[in-house]
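First to last, the protein sequences are chains V and P. Residue numbering for the first sequence is 4 to 341, as defined by the numbering used here. Residue numbering for the second sequence is 4 to 341, as defined by the numbering used here. Each residue gets a CB set at the ideal place from its N, CA and C atoms; glycine is no exception. Source: prediction; values computed, not measured. What follows is a short report on a single structure.
2 protein chains.
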Amino acid sequence: METFTTHGGRLGEARRRFGGAVEPWIDLSTGVNPRPYPARPASSRARARLPDPEETAALETAAAAAFGVGADAVLATPGVEAAIRLLPGVLRAPRVGIVEPTYGGHAEAWRAAGAVVSGIDRKVLADAADTCDVIVLVNPNNPDGETFAAEVLLEVAGRAESRGGWLIVDEAYVETSPEISVLAHLGDAWRASRLIVLRSFGKFFGLPGLRLGFVAARPDVIGRLRSRQGEWPVSADAIAAGLQAYPDRPWADQTLRRLAADARRLDDLLIRAGLNVLGGTSLFRLAAADDAQGRFVRMAEAGVLTRPFDHAPTWLRLGLPDPDNWPRVEAALMESAP
Amino acid sequence: METFTTHGGRLGEARRRFGGAVEPWIDLSTGVNPRPYPARPASSRARARLPDPEETAALETAAAAAFGVGADAVLATPGVEAAIRLLPGVLRAPRVGIVEPTYGGHAEAWRAAGAVVSGIDRKVLADAADTCDVIVLVNPNNPDGETFAAEVLLEVAGRAESRGGWLIVDEAYVETSPEISVLAHLGDAWRASRLIVLRSFGKFFGLPGLRLGFVAARPDVIGRLRSRQGEWPVSADAIAAGLQAYPDRPWADQTLRRLAADARRLDDLLIRAGLNVLGGTSLFRLAAADDAQGRFVRMAEAGVLTRPFDHAPTWLRLGLPDPDNWPRVEAALMESAP
Chain V
4 METFTTHGGR LGEARRRFGG AVEPWIDLST GVNPRPYPAR PASSRARARL
54 PDPEETAALE TAAAAAFGVG ADAVLATPGV EAAIRLLPGV LRAPRVGIVE
104 PTYGGHAEAW RAAGAVVSGI DRKVLADAAD TCDVIVLVNP NNPDGETFAA
154 EVLLEVAGRA ESRGGWLIVD EAYVETSPEI SVLAHLGDAW RASRLIVLRS
204 FGKFFGLPGL RLGFVAARPD VIGRLRSRQG EWPVSADAIA AGLQAYPDRP
254 WADQTLRRLA ADARRLDDLL IRAGLNVLGG TSLFRLAAAD DAQGRFVRMA
304 EAGVLTRPFD HAPTWLRLGL PDPDNWPRVE AALMESAP
Chain P
4 METFTTHGGR LGEARRRFGG AVEPWIDLST GVNPRPYPAR PASSRARARL
54 PDPEETAALE TAAAAAFGVG ADAVLATPGV EAAIRLLPGV LRAPRVGIVE
104 PTYGGHAEAW RAAGAVVSGI DRKVLADAAD TCDVIVLVNP NNPDGETFAA
154 EVLLEVAGRA ESRGGWLIVD EAYVETSPEI SVLAHLGDAW RASRLIVLRS
204 FGKFFGLPGL RLGFVAARPD VIGRLRSRQG EWPVSADAIA AGLQAYPDRP
254 WADQTLRRLA ADARRLDDLL IRAGLNVLGG TSLFRLAAAD DAQGRFVRMA
304 EAGVLTRPFD HAPTWLRLGL PDPDNWPRVE AALMESAP
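Spelled out as structure tokens, the structure:
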């Protein structure tokens, strides 16, 4: 089970483990928009040369405009996971507190860099700023969708700042609830603060295979991250897709409505199948059932991969099916009851 | 001039600086095969999901077979530059010696991580192993094409090892002289040694826009680098291209012959244009002329971007033109004489 409780997207292992399953597999184990942005691939010419730094800069400018910040405050990375891994080398913090439960990559990244990592209960978040050099939280949180108000984040950042600390807010899933982005709330004020925000391209735009993420922070921090990361961080295809997708508001607005409707549809299905919906975002739903791990196995035997959790054996997280797959997902969910 | 002496590939800046130039520009400022491997792009499905770790592992296995090492000794990275940036965080060496002149990214990466970096003359390489925690060299070297014999590298690695040091051999350009790869020479012996080898996909296969590189090292080092790098390091397109290209020996053999012939043709041209050919590899040639920086400017004004060097103002490095561009490159070179 550990393969499946560490990260989603392990279809190869699922195929071997639950061999007789119907093909094709339906992968609901990640929180990725199942109807991707229709980005044109990079040209053959662009693939055949190093990305010009000016093209990477144009991508950062387009992303910054979408995030509501200045272009000098944004760094492109090959996926938000790469951004997570880049921070410990620059911030060099001995004590790191992470609001848990959440995405496991943060703790892995800080531990690999030698930091002492402790879990923080969200209820005592502000106090943690007095004892940690870095606080990490995910907003909205994965897997439960819990959110933090901008005022709370400001207070925590202020307390962290008074002792030279940092607050890292991972907004990998914020596109479906843009109103809670701390970047959108603070205007230019955040640029003077010790606040670092992570953003993902692949989840909302449905193209995680391109590997594209971003860090937003004050320009001196971005400069240090940039010199640490080195040249040509993202591919020609990532640049091409980001330049097309970020300015396309009509697609984003239509997608927000569709994802919200699909999330409600999935909630209805989960309830009818006897699960309790605990929360989530419009890109994934978290549900609870006494026999969640048994349901995980039975759905996998029907070719539907979901996401179980070792720290919470009653939980299952499900991404949204793509349009053709609703009937099979419904059948698998209904038949997963013990 | 500094923009152009730091890295190649700055076409945007060149267009602005040398505005009246003929379009399209011919970029000879990098050492990339101008006839790329005809890789099919990743499928839409592969772009729309996270790469399964088993796909990344299959890519590493294909690359390892091409390098002549075991699959457990190879890590894929989003470009060799990313590999260069990954090493300081894992090796944590205070004193680093780099055989110079060479690619500047190595010194940048170690300095950004806080190491004291000194340049090493290749003639006293073996002695440096007694005073440096890490030695870095590029084989064949960029920009001069100088090579190190495997026996010399073995001796240096042995001396580094006796004091707990490391030898990093950047083989980014080794594909056109595979016989000098230290991996090919040492068989399984290198797996027990403190030798780390970097490889590039984009240069020989002509697809640097995909961002794909590799580290080869003993499995415990690969494990530490892997946990430091995190999940899903390379894109679906990089995986697809590597899986197609590495096993394709007929394409590689034909390409080796063509590149060697094109490199001879470029040498003839350089000599006829009054430059001295100093060396290089079959992917780039290094030439000298009294007025190299003037030639750089005049060629740029004709829309041909080459690579000057601040530490050696008489040098110019030129990549190979693609088949259609030889006449313009010939004219620009001939007319670049003072």
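For chain P, is any of its Cβ atoms less than 8 Å away from the one on residue i?
i: V:His188; result: no
i: V:Ile199; result: no
i: V:Ala96; result: no
i: V:Leu213; result: yes
i: V:Pro181; result: no
i: V:Pro146; result: no
i: V:Glu84; result: yes
i: V:Arg50; result: yes
i: V:Pro341; result: no
i: V:Ala115; result: yes
i: V:His10; result: yes
i: V:Gly100; result: no
Can you tell me whether DSSP reads residue i as helix, strand or coil?
i: P:Asn142; result: coil
i: V:Gly11; result: coil
i: V:Ala17; result: helix
i: V:Ala220; result: coil
i: V:Val155; result: helix
i: V:Ser196; result: coil
i: P:Trp169; result: strand
i: V:Arg260; result: helix
i: P:Arg320; result: strand
i: P:Ser32; result: coil
i: P:Arg48; result: helix
i: V:Leu228; result: helix
i: V:Thr80; result: strand
i: P:Gly209; result: coil
i: V:Arg95; result: coil
i: P:Pro41; result: coil
i: P:Pro181; result: helix
i: V:Gly122; result: strand
i: P:Ala71; result: Per the sequence shown, the amino acid found at residue 71 of chain P is Gly instead of Ala. Note: P:Gly71 maps to coil in three-state DSSP.
i: V:Pro341; result: coil
Under a CB-based cut-off of 8 Å, is residue i close to chain V?
i: P:His109; result: no
i: P:Asp136; result: no
i: P:Ile171; result: no
i: P:Ser165; result: no
i: P:Asp75; result: no
i: P:Asp55; result: yes
i: P:Pro44; result: yes
i: P:Val237; result: yes
i: P:Ala387; result: Lying outside 4 to 341, the shown extent of chain P, residue 387 of chain P is not represented and no answer is given.
i: P:Ile87; result: yes
i: P:Pro81; result: yes
i: P:Gly92; result: yes
Quick test of your reading: residue i and residue j, contact by CB under 8 Å. State the CB separation rounded to the nearest angstrom.
i: P:Glu213; j: P:Asp240; result: Correcting the residue type first, residue 213 of chain P is Leu in the shown sequence and not Glu. Contact holds; Cβ gap of about 6 Å.
i: P:Leu53; j: P:Ala79; result: At roughly 14 Å, the Cβ-Cβ gap does not stay under 8 Å, so P:Leu53 and P:Ala79 are not in contact.
i: V:Ile138; j: V:Val159; result: 6 Å
i: P:Leu90; j: P:Ile199; result: 7 Å
i: P:Ala276; j: P:Ala305; result: That belief does not hold up - the Cβ atoms of P:Ala276 and P:Ala305 are roughly 13 Å apart, past 8 Å.
i: P:Leu262; j: P:Leu323; result: 7 Å
i: P:Thr6; j: P:Glu16; result: 5 Å
i: V:Ala118; j: V:Ala85; result: At roughly 18 Å, the Cβ-Cβ gap does not stay under 8 Å, so V:Ala118 and V:Ala85 are not in contact.
i: V:Leu289; j: V:Asp173; result: In fact, because the Cβ distance is near 17 Å, the residues do not count as touching under 8 Å.
i: V:Leu215; j: V:Pro81; result: 7 Å
i: P:Ala219; j: P:Phe21; result: With a Cβ gap of about 40 Å, P:Ala219 and P:Phe21 do not count as contacting.
i: V:Phe208; j: V:Tyr40; result: 4 Å
8 Å is my cut-off, CB to CB: does residue i come that close to chain A?
i: P:Leu210; result: Within the model displayed, chain A is absent; protein chains V and P are what it includes.
**Message:** Give me the subset of the region 14 to 39 of chain P whose CB atoms are less than 8 Å from a CB atom of chain V, sorted by chain position.
**Reply:** Leu14, Gly15, Glu16, Asp30, Thr33, Val35, Pro37, Pro39
**Asked** Taking Cβ-Cβ distances below 8 Å as the criterion, which residues of the region 282 to 309 of chain V are in contact with chain P?
**Response** none
**Asked** Which of the residues in the region 218 to 235 of chain P, read from start to end, lie with their CB under 7 Å from any CB of chain V?
**Response** Ser230, Arg231, Gln232, Gly233, Glu234, Trp235
**Request:** Check distances from the C-beta atoms of the region 240 to 251 of chain V to those of chain P and list, in chain order, the residues that come in under 8 Å.
**Result:** Asp240, Ala241
**Message:** Runs of 3 residues minimum, wholly inside the region 238 to 291 of chain P: which ones carry the beta strand (DSSP E) assignment?
**Reply:** 279 to 284, 287 to 291
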